[in-house]
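Report on the structure given below.
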Amino acid sequence: MDARTWSLCWQAAVGRSFYLDPWLAERIRSRLIGAHQRSGRVLIDYLQLPGEIHVIARIRAGDSVSGVARAFGNVVSRWVRESQPVRSPVLAGPYRALLLESDEALRREVRMLAWRPVSQQLCVTPTHHPHGALRIALGLSPSKGFDARPLLLHFGDTVPAARSALRTWISRRPSEQDWRAWELTRGLELATGGAGPQAMVAKSVDAAAARLIAAGGGYGIDGALELLAGWVTAKIQPASAPSLHGDSSTWAVRGRALVACLAVNHRLCSASSVARYFHRAKATLSEQMSACRSRPADRQILATPLHRILEESATLRGGIAIHTHRSGGLGRQMP
C-alpha cells in the first residue's frame, strides 16, 4: 500500500518536562523507535526537547496516524506522571500531524528540527544537541537502535555523500519568519488577535494563515491584516495609499472588502474580525464582500496564489524601507 510522510509533534504543558529525569529521555526514545518497527512504518527523523517531541515518519495509508500518535502520547503521559507526580496535564494539547507532501517539504522539516534546539537556546549549533537523530545520521553518535538510512537517502545515494549534503543543507539557519510560520502551524504558538467575540483571543491556525501571520512580523492576526491591506492597496490604488481604516471613498470600501475576502479564503479570521479591525459594521462589510466576489476584476485579485501575495508584499515593504532610508524621512507608510 502507498505510504505518506508525516510530521508529528507533541508539546509538554507548562511546568512539565519530557526529560527531567535522565532515564525518561532514553525511555521515550526507545518508545519512539519501537513504535515504528512495525510493518509499514519508518522512522525518518526525531527530536526530543524538554518541552517538545518531534517525529518525521512514513506511515502506510492503511495505518492510522492518529492511532500511532495517541498511543505514543498516552504512554509518554503516563511515564511523565510517574516521574513528576503532580496533578496537572502532561501535554499542552492534542498532538499535531502535518502531511509532508514532497521531498522538499521533508528536507525543510529536517532543517527546522536540526535548528530547533538552537532556537530554544539548548545548544549553540545543531550538531551539539544529543537527543535527536541528527548526530546519529552524521556519524557523531552511536545509533542505539535508530536506523539513519531512511533519512540519509533523502540527501544522497551513499553514506558519505548523504552526510556531506545533509551538513550543507542544515548549514543555513532558518529566519525568524520561518520560525513563526513553523511554530504557528504546529500549535507551538497560537495566533493572537480579535478573532472571536472577545477583544483578544488566541487560536490555532493552519499553514496558509500561519504564513500570512508570520509575514506580518509577529504572531498577531492584525499584522497579517495589515499586510493584506497594503497588498490590496497596491493592487487597486497604487498612485495613492491613504489608510483603509479611515477613508470612506469607493476604492477604500472595495479594499476593505477584498481584505476580508482574502482573510476568510486563507482561513486567517472571520469577516467579523476584519470588520472589528477596520471599525466597520459586519453586515455592511459582508454585503461589500459579496459584491467583490461577483466583480470579475476582484475575482482575479482574490485568485492570486498566496506565495505571490507574500512575495509582492515583501517587495512592497522592502521598497518602502529603501525609500525611508534614502530620504531620511518616513516615506509612504503601509496602511
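This note's numbering puts the last residue of the sequence shown at 1382; the count rises by one with no breaks.
Here a beta-carbon is modelled for each residue, glycine too, at the ideal position from N, C-alpha and C.
> Near A1261, what residues of its chain come up, given a Cβ to Cβ distance below 6 Å and the 5 sequence neighbours on each side ignored?
Replying inline: The sequence position of residue 1261 within the sequence shown is 214, counting from 1. Residues of the same chain with a CB within less than 6 Å of the CB of A1261, apart from the 5 flanking positions on each side, are Q1224, R1227, A1228 in chain order.
>> For V1206, list the residues DSSP reports as bridge partners.
In response: Here residue 1206 refers to the residue found at position 159 when the sequence shown is read from its first residue. Note: V1206 sits in no beta bridge, so no partner.
> Whole alpha helix (DSSP H) runs in the segment 1112-1181 with 4 or more residues, listed along the chain?
Replying inline: Runs of the alpha helix (DSSP H) lying entirely within the segment 1112-1181, each at least 4 residues long, are 1112-1130, 1150-1166 in chain order.
> If we count the other Cβ atoms within 10 Å of its Cβ and call it buried at 16 or more, is H1354 buried or exposed?
Replying inline: For this step, residue 1354 is matched to residue 307 along the sequence shown. Residue environment for H1354: exposed (fewer than 16 other C-beta atoms within 10 angstroms of its C-beta).
>> Cutting at 7 Å between CB atoms, please list the residues of its own chain near S1130, excluding the five before and the five after it.
In response: For the purposes of this step, residue 1130 is taken as the residue at position 83 of the sequence shown. Excluding residues within five positions, the ones whose Cβ falls inside 7 Å are L1067, D1068, L1071.
>> Quick check: the Cα distance between Q1347 and A1361, rounded to an integer number of angstroms?
In response: Here residue 1347 refers to the residue found at position 300 when the sequence shown is read from its first residue. Here residue 1361 refers to the residue found at position 314 when the sequence shown is read from its first residue. Rounded to whole angstroms, the gap between the alpha carbons of Q1347 and A1361 is 20 Å.
>> Residues in the same chain with beta-carbon distance under 8 Å from V1061, minus the five sequence neighbours each way, listed in chain order, please.
In response: Indexing the sequence shown from 1 puts residue 1061 at position 14. The answer, listed in chain order, is A1139.
> Since C1308 contacts R1340 with CB under 8 Å, what's their CB separation in whole angstroms?
Replying inline: The sequence position of residue 1308 within the sequence shown is 261, counting from 1. The sequence position of residue 1340 within the sequence shown is 293, counting from 1. Their Cβ separation, rounded to whole angstroms, is 7 Å, which keeps C1308 and R1340 in contact under 8 Å.
>> Distance check for A1304 and L1332, CA to CA, integer angstroms please.
In response: As a working mapping, residue 1332 is identified with position 285 in the sequence shown. As a working mapping, residue 1304 is identified with position 257 in the sequence shown. Rounded to whole angstroms, L1332 to A1304 spans 6 Å at the Cα level.
>> Tell me the residue span of the alpha helix (DSSP H) that contains S1054.
In response: For this step, residue 1054 is matched to residue 7 along the sequence shown. Segment 1050-1058 is the beta strand (DSSP E) holding S1054; no alpha helix (DSSP H) there.
> Rounded to whole angstroms, how far is the Cβ of I1103 from the Cβ of D1110, which I believe are closer than 8 Å?
Replying inline: The sequence position of residue 1103 within the sequence shown is 56, counting from 1. The sequence position of residue 1110 within the sequence shown is 63, counting from 1. Not really, about 15 Å apart at Cβ, beyond 8 Å.
> Counting pairs of Cβ atoms below 8 Å between the segment 1195-1202 and the segment 1080-1092, do you hit three or more?
Replying inline: In short, these stretches touch, since the Cβ pair count reaches three.
> If you run the structure through DSSP and keep just helix, strand and coil, what is V1306?
Replying inline: Here the question's residue 1306 lines up with position 259 in the sequence shown. DSSP places V1306 in the helix class (H, G or I) of the three-state scheme.
> Taking the alpha carbon of P1285 as the point to measure from, which residue in A1249, A1276, Q1168 has its own alpha carbon closest?
Replying inline: For the purposes of this step, residue 1285 is taken as residue 238 along the sequence shown, with counting starting at 1. Nearest option by C-alpha distance: A1276.
> Under a Cβ-count criterion, where at least 16 other Cβ atoms within 10 Å of its own Cβ denotes burial, should H1178 be classed as buried or exposed?
Replying inline: Here residue 1178 refers to the residue found at position 131 when the sequence shown is read from its first residue. So H1178 ends up on the buried side.
> If R1063 and V1137 are in contact, beta carbons under 8 Å, what's the gap, nearest whole angstrom?
Replying inline: Along the sequence shown, one-based indexing puts residue 1063 at 16. Along the sequence shown, one-based indexing puts residue 1137 at 90. For a cut-off of 8 Å, the C-beta gap from R1063 to V1137 is around 5 Å, short enough to register as a contact.
>> Considering Cα atoms alone, identify which of E1099, A1256, Q1335, V1115 is closest to T1297.
In response: Position 250 of the sequence shown, counted from the first residue, corresponds to residue 1297. Distance from the Cα of T1297 is smallest, within the candidate group E1099, A1256, Q1335, V1115, for Q1335.
> What residue does the beta strand (DSSP E) around D1092 start on, and which one ends it?
Replying inline: Counted from its first residue, the sequence shown places residue 1092 at position 45. It spans 1088-1095 - the beta strand (DSSP E) in which D1092 sits, taken as one unbroken run.
> Between R1379 and A1271, what straight-line distance do the alpha-carbon atoms span, to the nearest angstrom?
Replying inline: Position 332 of the sequence shown, counted from the first residue, corresponds to residue 1379. Position 224 of the sequence shown, counted from the first residue, corresponds to residue 1271. Legend: pLDDT at R1379 = 33, less than 50; position of this residue unreliable, value from coordinates given subsequently. Annotation: R1379 to A1271 spans about 19 Å, alpha carbon to alpha carbon.
> Under 8 Å, do A1255 and R1323 count as touching if we go by C-beta distance?
Replying inline: Along the sequence shown, read from residue 1 onward, the residue named residue 1255 stands at position 208. Along the sequence shown, read from residue 1 onward, the residue named residue 1323 stands at position 276. By the CB criterion at 8 Å, A1255 and R1323 fall outside the cutoff.
> How many Å lie between S1290 and I1080 at the Cα?
Replying inline: Within the sequence shown, the letter at position 243 stands for residue 1290. Within the sequence shown, the letter at position 33 stands for residue 1080. So the two alpha carbons sit approximately 55 Å from each other.
> Per DSSP, R1107 is paired with what?
Replying inline: For the purposes of this step, residue 1107 is taken as residue 60 along the sequence shown, with counting starting at 1. R1107 pairs with A1050.
> Is the distance from the Cβ of Y1266 to the Cβ of A1238 below 8 Å?
Replying inline: One-based indexing of the sequence shown puts residue 1266 at position 219. One-based indexing of the sequence shown puts residue 1238 at position 191. Yes, Cβ-Cβ distance for Y1266 and A1238 is below 8 Å.
> What residues match up with H1101 in a beta bridge as DSSP calls it?
Replying inline: Counting from 1 along the sequence shown, the entry for residue 1101 is found at position 54. H1101 is bridged by DSSP to C1056, L1094.
>> Between which residues of its own chain and R1128 is the CB-CB distance below 7 Å, once the five residues before and five after are set aside?
In response: Sequence index remark: in the sequence shown, residue 1128 carries index 81 (1-based). By the criterion of a C-beta distance shorter than 7 Å, R1128 is surrounded in its chain by V1137, once the five residues flanking it on both sides are discounted.
> For A1338, which of S1211, G1192, S1188, R1301 has the nearest alpha-carbon?
Replying inline: Residue mapping note: residue 1338 aligns to position 291 of the sequence shown, counting from 1. Out of S1211, G1192, S1188, R1301, the CA that lies nearest to the CA of A1338 is found in R1301.
>> Can you give me the C-alpha to C-alpha distance between A1082 and R1219, rounded to a whole angstrom?
In response: Locating residue 1082 in the sequence shown gives position 35, where the first residue counts as 1. Locating residue 1219 in the sequence shown gives position 172, where the first residue counts as 1. Between the alpha carbons of A1082 and R1219 lies a distance of about 32 Å.
> Which whole-angstrom value is the C-beta distance of R1210 and G1186, which I expect to be below 8 Å?
Replying inline: Position 163 of the sequence shown holds residue 1210. Position 139 of the sequence shown holds residue 1186. Indeed they touch by this definition, with Cβ atoms about 6 Å apart.
> Could you check where the beta strand (DSSP E) with V1252 kicks off and where it finishes?
Replying inline: In the sequence shown, residue 1252 corresponds to position 205, counting from 1. No beta strand (DSSP E) contains V1252, which DSSP labels as neither H nor E.
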